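Heads up, the thing below is written out as structure tokens.
Shown next, in the form of structure tokens:
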């Protein structure tokens, strides 16, 4: 896939509030510099975690001309995320209140500009009959190969 990225990226999902799976959902994006100066297993001495995108409440979603428009992926958990090339992270599916339950949307963020854009949802893609779409997913694996990301869910 080319040049490796000396960083770890995080699209944060949930902070548990108790022993049950209830918590505060997030949609912010963080970067951790893996090449920072550190001693043994201690955190970075100069710079560690950096916020790339602060996220937006309810995905920054609003109604425009009877269409739901969102600026970023809504807060979610148990989604899939993958770095597809050295400048793009993809996020698919998961559980979100904005989706009503499980999500079928795919988003990408350009890690150079930190700008999100929605790639699509089942409702947008399948009626065109140009490609198949995996539908609502959560708790699945998401990996990237030389050309396309792959989604796999075990039943």
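Numbering (my numbering), first residue to last: 1129 to 1283.
Quick reminder that beta carbons are idealized off the backbone N, C-alpha and C, glycines included.
None of the values given here were measured: they were computed from a predicted structure.
Buried or exposed for residue 1201, please, with buried defined as at least 16 other CB atoms from any protein chain shown within 10 angstroms of its CB.
Taking the chain shown and counting its residues from 1, the one referred to as residue 1201 is at position 73. Answer is buried; the Cβ neighbour count reaches 16.
For residue 1147, name the three-state secondary structure that DSSP assigns.
Position 19 of the chain shown holds residue 1147. With a pLDDT of 46 at residue 1147, under the threshold of 50, the predicted position of this residue should be treated as unreliable, and no value is reported.
Rounded to whole angstroms, what is the Cα-Cα separation between residue 1235 and residue 1194?
As a first step, residue 1235 is located in the chain shown; it is residue number 107 there, counting from the start. As a first step, residue 1194 is located in the chain shown; it is residue number 66 there, counting from the start. Their Cα atoms are separated by approximately 21 Å.
For residue 1167, does the count of other Cβ atoms within 10 angstroms reach 16, so buried, or fall short, so exposed?
Locating residue 1167 in the chain shown gives position 39, counting from the first residue. By the 10 Å Cβ count, residue 1167 comes out exposed.
Taking only three categories from DSSP, how would you classify residue 1228?
As a first step, residue 1228 must be located in the chain shown, where it is residue number 100. Looking at residue 1228 - three-state DSSP - the assignment turns out to be coil, as it is neither helix nor strand.
Under 8 Å, Cβ to Cβ, is there at least one residue of chain C near residue 1160?
Protein chains in the displayed structure number just one, and chain C is not present.
Taking a contact to mean a Cβ-Cβ separation below 8 Å, would you say residue 1209 touches residue 1219 in this structure?
Mapped onto the chain shown, residue 1209 falls at position 81. Mapped onto the chain shown, residue 1219 falls at position 91. Yes, they are a contact pair.
Looking at C-alpha atoms only, which residue of 1155, 1226 and 1215 is the closest neighbour of residue 1190?
The residue given as residue 1190 occupies position 62 in the chain shown. Taking only the C-alpha atoms, the option nearest residue 1190 is 1226.
Report, in whole angstroms, the separation of the C-beta atoms of residue 1238 and residue 1215, which I expect to be a contact under 8 Å.
Here residue 1238 refers to the residue found at position 110 when the chain shown is read from its first residue. Here residue 1215 refers to the residue found at position 87 when the chain shown is read from its first residue. Between residue 1215 and residue 1238 the Cβ distance is about 6 Å, and since that is below 8 Å, they are a contact.
Measure the C-alpha to C-alpha separation of residue 1173 and residue 1165 and round it to an integer number of angstroms.
Translated into the one-based positions of the chain shown, residue 1173 becomes position 45. Translated into the one-based positions of the chain shown, residue 1165 becomes position 37. Approximately 6 Å, taken between the alpha carbons.
Hey, quick one: how far does the beta strand (DSSP E) through residue 1180 stretch, first residue to last?
Working through the chain shown from its first residue, we reach residue 1180 at position 52. Where residue 1180 is concerned, the enclosing beta strand (DSSP E) stretches over 1177-1181.
Could you please give me the residues that DSSP links to residue 1205 through a beta bridge?
Along the chain shown, one-based indexing puts residue 1205 at 77. For residue 1205, which the question treats as bridged, DSSP gives the partners 1223.
Determine the closest residue to residue 1271 out of 1232, 1211 and 1248, with distance taken between C-alpha atoms.
For the purposes of this step, residue 1271 is taken as the residue at position 143 of the chain shown. When only C-alpha atoms are compared, the closest one is 1211.
By alpha-carbon positions, which one of 1169, 1188, 1180 and 1264 ends up nearest to residue 1228?
Position 100 of the chain shown, counted from the start, is the residue given in the question as residue 1228. Ranking the options by Cα distance to residue 1228, first place goes to 1264.
Pull up the CB-CB distance for residue 1230 and residue 1205, whole angstroms please, since I reckon it's below 8 Å.
On the chain shown, residue 1230 is found 102 positions in, with the first residue counted as 1. On the chain shown, residue 1205 is found 77 positions in, with the first residue counted as 1. Actually they are not in contact, since the Cβ atoms of residue 1230 and residue 1205 sit about 11 Å apart, beyond 8 Å.
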